[in-house]
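Written out below as structure tokens is the structure these notes cover.
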Amino acid sequence: LRIIGQSMILDKTTVWVTITLCVAVAMVSLVTDGYLRREGLDGPEVYALYLIAALGGIVMGSAADLIVLFLGLEVLSISLYVLASSHRRRSKSQESGLKYFILGGFSSAVFLYGIALIYAGTGSTNYGRIVDAFNAEWQPQTPTDFLCLREMVDAEWRLRRVRSALTNMLMAVGSCDRLFELVEHAN
29 LRIIGQSMIL DKTTVWVTIT LCVAVAMVSL VTDGYLRREG LDGPEVYALY LIAALGGIVM
89 GSAADLIVLF LGLEVLSISL YVLASSHRRR SKSQESGLKY FILGGFSSAV FLYGIALIYA
149 GTGSTNYGRI VDAFNAEWQP QTPTDFLCLR EMVDAEWRLR RVRSALTNML MAVGSCDRLF
209 ELVEHAN
């Protein structure tokens, strides 16, 4: 069953993803209560963020279009950024949320760029139309078509290098912070 203008689908896989995410949220919520009591934290926003993250996952699981997949990914990611930095008394929590947000922003940009390249090559963001376009024995007709294919491969290679460099930089920053803490405690 296709809904919302052919951009979402409701089938057995979507129902399975939805049930799995609902069960996971229920189980995590049971564990979270003990953690919140032990740390002395307020709890209502954590549960709301769990539900928002699950909603993003459900949207991703039912997507039949790359734009809807991206929207679900962003809903899921933003709630996880906030969850990562939700412990207000720990500076490591805020640091991890900020690092996750920066790395996630770059990853989202790469993903969105990939969607744009797929749209440029196939003329659609709908899964079915993309498959039809690739099954239609696509051959580069003009230099522009070949350039588009070359650009996709080249951009993917460059963006992997950027992501790797960012990950290494963020890990190095975290290691330096830990080193400075050890030096301070030693003095």
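Its first residue numbered 29, the sequence shown is counted upward by one per residue in this note's numbering. Glycine is no exception: its CB is placed at the ideal position from the N, C-alpha and C atoms. Being a predicted model, the structure only gives us computed values, none of them experimental.
Using a threshold of 6 Å, is the CB atom of L99 nearer than that to any non-hydrogen atom of the ligand COA?
The ligand COA is absent from the structure shown, which contains no ligands of any kind.
Going by Cα to Cα distance, which pick from V53, G68, M88, Y78 is closest to T42?
M88
According to the neighbour-count rule (16 or more other Cβ atoms, all chains shown, within 10 Å of its Cβ), is S113 buried or exposed?
Its Cβ being crowded by 16 or more others within 10 Å, S113 is buried.
Using the Cα positions of F139 and A54, report the straight-line distance between them to the nearest angstrom.
Rounded to the nearest whole angstrom, the C-alpha separation of F139 and A54 is 30 Å.
Where the alpha helix (DSSP H) containing A52 begins and where it ends
40-67
Starting from the Cα of V159, find the closest Cα among L131, A92, V56 and give me that residue.
A92
Contact check, C50 vs A82 under 8 Å by CB: the rounded distance?
7 Å
I'd like to check one pair, L104 with G84: are the Cβ atoms closer than 7 Å?
It is a contact, given that the beta carbons lie within the stated cut-off.
Would F134 and Y109 be called neighbours here (beta carbons separated by less than 7 Å)?
no
Supposed contact pair L131 and L77 - C-beta distance, whole angstroms, cut 8 Å:
Not really, about 19 Å apart at Cβ, beyond 8 Å.
Quick one: give me the first and last residue of the alpha helix (DSSP H) that V163 is part of.
The sequence shown places Asn at residue 163, rather than the Val named in the question. Counting along the chain, the unbroken alpha helix (DSSP H) around N163 starts and ends at 155-163.
Where DSSP assigns a beta bridge to I31, which residues make up the other side?
M36
Helix, strand or coil at A81 according to DSSP, with G and I counted as helix:
helix
With DSSP collapsed to three states, give me the class of A76.
Secondary structure at A76: helix, using DSSP grouped into helix, strand and coil.
Would you mind working out which of S57, R118, R116, I31 sits nearest S90, comparing C-alpha positions?
I31
Does D37 pass the burial test, meaning 16 or more other C-beta atoms within 10 Å, or should it be called exposed?
Note on residue identity: the sequence assigns Ile, not Asp, to residue 37. Its Cβ being crowded by 16 or more others within 10 Å, I37 is buried.
Does the beta-carbon of I47 have 16 or more other beta-carbons within 10 angstroms, so that it is buried, or is it exposed?
Counting Cβ neighbours within 10 Å, I47 comes out exposed, since fewer than 16 surround it.
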